[in-house]
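Number 42 in the working numbering belongs to position 42 of the sequence shown; there are no gaps in the numbering. By construction, the Cβ of each residue, glycine as well, lies at the ideal position given by its N, Cα and C atoms. See structure below.
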Amino acid sequence: MPVAPLELTIRPLSGPDELGLFCRLSYVLDHELADDLATGRRRPEWMWVALRGEQVVARVAWWTSKDGGAPLALDFFDLDDTLPAQERQEIGVRLLETAMAAVVPADVERPEYGRFIPPDWREDPAAREVVEARIRVMEETGARMLVERLRLEWREGTPVPADPGRLVFRPVTGREDLVALMTPVMEGTLDAHGQADLATGIGAREAAEKHYDEEFAGYSTPQEWWRIAELPDGEPVGFVIPARNNYHPIIAYIGVLPAHRGKGYIDDILAEGTRVLVEQGVDRIRAATDLGNVPMAKSFERLGYVNFERAFNMVWG
Numbered sequence: 001m002p003v004a005p006l007e008l009t010i011r012p013l014s015g016p017d018e019l020g021l022f023c024r025l026s027y028v029l030d031h032e033l034a035d036d037l038a039t040g041r042r043r044p045e046w047m048w049v050a051l052r053g054e055q056v057v058a059r060v061a062w063w064t065s066k067d068g069g070a071p072l073a074l075d076f077f078d079l080d081d082t083l084p085a086q087e088r089q090e091i092g093v094r095l096l097e098t099a100m101a102a103v104v105p106a107d108v109e110r111p112e113y114g115r116f117i118p119p120d121w122r123e124d125p126a127a128r129e130v131v132e133a134r135i136r137v138m139e140e141t142g143a144r145m146l147v148e149r150l151r152l153e154w155r156e157g158t159p160v161p162a163d164p165g166r167l168v169f170r171p172v173t174g175r176e177d178l179v180a181l182m183t184p185v186m187e188g189t190l191d192a193h194g195q196a197d198l199a200t201g202i203g204a205r206e207a208a209e210k211h212y213d214e215e216f217a218g219y220s221t222p223q224e225w226w227r228i229a230e231l232p233d234g235e236p237v238g239f240v241i242p243a244r245n246n247y248h249p250i251i252a253y254i255g256v257l258p259a260h261r262g263k264g265y266i267d268d269i270l271a272e273g274t275r276v277l278v279e280q281g282v283d284r285i286r287a288a289t290d291l292g293n294v295p296m297a298k299s300f301e302r303l304g305y306v307n308f309e310r311a312f313n314m315v316w317g
């Protein structure tokens, strides 16, 4: 007679000592988990597993940027890809809905789901099935695709062009100095997250302030690294935010004002942001841009940044 499958147990980790259990499934960010737990960016009660006996058949986890913060992103969601597709789907939906109800209050917007994926995932049948299996589960719980992004990396030894002298760069002097330039950049943005903010009905100024306060204000690296690009007569052209997040040196944001687009200034500004970080002795710099933002992607490519990975983001509502 066929053996009935073991009953499914869905629960959070009991503590950091169960990290090994959580890591019975794998993902590219596994190496960050121990430090994230130690620093409070993750909590055991935000890390859930679906078990059949001792076998982990699915897992999910949320992340925040600092100890004591609310969950900001759902960034781990893995399934046992040896299971039949329908069974895997049902387990994933049960785990996600059970964990979400416990981690995210009902009156709070669900944090965005993001996943890093291979750059050639559409051409690799195995990788494509892994990606699409996660998307199907998310869609069944009401999520929709927001954007696919290129993840890029400058690596030590890649030459950085000399400054051609077309622009003058100065440090950002404060919040208003930058937000005033971010506002017109937001109005014509190709960035999906910026477009999504504007679609809620808030204005470009409010969207710029939101971006500044939720991301830029949290960087521990010096604001003196941030650069505003101007013409020799002082007219602003754009800006770049070189920084370091919790994990990597990054180009956090780069923008060219609408009146100066199409003149090649983006390359000069990106090169300046890269130089700022290279002068700090970094051996790599991470960045990302939406798949649809072709001008930005081409600028990174011209400067020698490598597309080593992709990512997608999904949202609810």
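Helix, strand or coil at residue i [DSSP, three-state]
i             : result
valine 306    : strand
tyrosine 212  : helix
valine 108    : coil
lysine 298    : helix
aspartate 268 : helix
proline 161   : coil
aspartate 120 : coil
alanine 259   : helix
aspartate 17  : helix
glycine 68    : coil
threonine 173 : coil
glutamine 223 : helix
arginine 230  : Strictly speaking, residue 230 in this sequence is glutamate, with arginine absent from that position. In this structure, glutamate 230 counts as strand in the three-state DSSP scheme.
arginine 205  : helix
Short Cβ contact (7 Å threshold) for residue i with residue j
i             : j                 : result
glutamate 224 : proline 171       : yes
aspartate 35  : arginine 166      : no
leucine 270   : isoleucine 254    : yes
alanine 192   : valine 240        : no
proline 111   : leucine 72        : yes
leucine 96    : valine 60         : yes
leucine 181   : alanine 287       : no
leucine 150   : threonine 289     : yes
alanine 208   : threonine 183     : yes
alanine 252   : phenylalanine 116 : no
histidine 260 : valine 237        : yes
tryptophan 46 : valine 103        : yes
aspartate 81  : tryptophan 63     : no
glycine 188   : proline 118       : no
tyrosine 212  : valine 179        : yes
proline 242   : valine 276        : yes
alanine 106   : tryptophan 316    : no
Residue i, enclosing beta strand (DSSP E) - first and last residue
i             : result
alanine 38    : Counting along the chain, alanine 38 falls outside any beta strand (DSSP E), though it belongs to the alpha helix (DSSP H) covering 33–39.
leucine 150   : 143–155
valine 28     : Counting along the chain, valine 28 falls outside any beta strand (DSSP E), and DSSP gives it neither H nor E.
aspartate 290 : 284–290
leucine 8     : 8–12
glutamine 280 : Glutamine 280 -> no beta strand (DSSP E), and no H or E assigned at all.
leucine 167   : Segment: none, leucine 167 is in no beta strand (DSSP E) and carries neither H nor E.
Boundaries (first-last residue) of the alpha helix (DSSP H) holding residue i
i             : result
arginine 128  : 125–140
glycine 92    : 85–103
glutamine 195 : 192–199
aspartate 78  : Counting along the chain, aspartate 78 falls outside any alpha helix (DSSP H), though it belongs to the beta strand (DSSP E) covering 73–79.
Integer Cβ distance of residue i from residue j, believed to fall under 8 Å
i              : j                 : result
valine 49      : leucine 21        : 6 Å
arginine 227   : phenylalanine 169 : 5 Å
serine 65      : glycine 218       : 6 Å
asparagine 313 : tyrosine 113      : 7 Å
Closer than 6 Å: residue i CB and nearest the ligand COA heavy atom
i          : result
valine 282 : In the structure shown, the ligand COA is absent, as is every other ligand, since no ligand is present at all.
Under 8 Å: do the stretch 137–150 and the stretch 265–285 share three or more Cβ pairs, one atom per stretch? no
Can at least three beta-carbon pairs, one atom from the stretch 125–136 and one from the stretch 220–238, be found at a separation below 8 Å? Per the Cβ contact rule, the stretch 125–136 is not in contact with the stretch 220–238 (fewer than 3 Cβ pairs under 8 Å).
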